[in-house]
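Below is one structure, written out as structure tokens, with a few remarks after it.
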């Protein structure tokens, strides 16, 4: 008999510890909202990454063109130096 009374006294405590259906639905809704927010942030981050990758590739092409120009201009400068040196070396000395 004492054992039966003990069970009855635990029953309300177990009911208080168990989340209700409304609590579970609220938790599920909250998790769905958080998941949607996380997915939206992830989509924005991926779009930003794609934009940065595009800009990086554009900058790499620009640097490559600038390196080609630099090489060309250095070569032309050397040719001009040689030409001027040749002209001065062929002038008669006084």
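In our numbering, the protein residues as written are 14 to 107.
All residues carry an ideal CB built from backbone N, CA and C; glycine is no exception.
All of these numbers come straight from a predicted model, not from anything done at the bench.
CA-to-CA, the gap between residue 57 and residue 68 works out to about 16 Å. Taking C-alpha positions only, residue 47 is separated from residue 73 by approximately 38 Å. Straight-line measurement puts the Cα of residue 38 at about 25 Å from the Cα of residue 55.
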